[in-house]
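> Residue numbering for the sequence shown follows the numbering used here, beginning at 3 and increasing consecutively.
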Amino acid sequence: MIRLIYISTARTTLDSETMAAILATSRRNNQAVDVTGLLLVGGRRFLQVLEGPEEAVMQTYERIRRDDRHYAAVVLSRRAIEMRSFAGWAMGYQPAGTVHGDGEVADDVAAMIAPIGDAVTQAYFAEFARKHAAAAY
Ligand SMILES: Cc1cc2nc3c(=O)[nH]c(=O)nc-3n(C[C@H](O)[C@H](O)[C@H](O)COP(=O)(O)O)c2cc1C
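Structure, rendered in structure tokens:
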């Protein structure tokens, strides 16, 4: 298995219906090929983790990368893994602009990523949350 992490930028801010459609498609497709992961959205920036069998992850990533709704995809990390960080999540989702109760976005994300054993993945998420949380207020 591999874990691939990339960032990209939406062409325009995607509305909640578009995001819901992307997530529904992602969950359906990813489940079918045993890919799990998480999608973070902060303003127009995406950070996504895809993990699973190498061929399935790379095919999924290639398809996502060609999607006109975003551009400038940059792979931050791609490595072999023994265990998934997002087992059971066909595609988790955290819009950085969503504030639960009085919590800060960064805290929400911190709680979400707490179970992740991989330090590099943790660091990318924490940094992304820190950068984009401010823009959400
Ligand atoms: C930021 C972003 C993340 C996406 N993530 C996934 C994903 O994890 N899995 C997936 O199948 N499609 C994902 N998509 C959608 C794909 O680009 C593509 O539209 C979709 O896979 C086509 O599926 P379909 O042929 O079943 O309609 C994503 C799109 C965007 C813009």
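Ideal placement from N, C-alpha and C gives every residue a C-beta, glycine not left out.
Please state the DSSP three-state secondary structure of A74.
strand
> Output needed for V51: all residues of its chain with C-beta closer than 6 Å, excluding positions within five of it in sequence on either side, in chain order.
Around V51: I7, G39, L40.
> I think R13 touches Y73, with their Cβ atoms under 8 Å apart; what is that distance to the nearest whole Å?
6 Å
> For F88, name the three-state secondary structure that DSSP assigns.
coil
> Relative to the C-alpha of R46, which residue among A26, R65, M21, E57 is closest?
M21
> Who are R5's beta bridge partners in DSSP?
E53, R81
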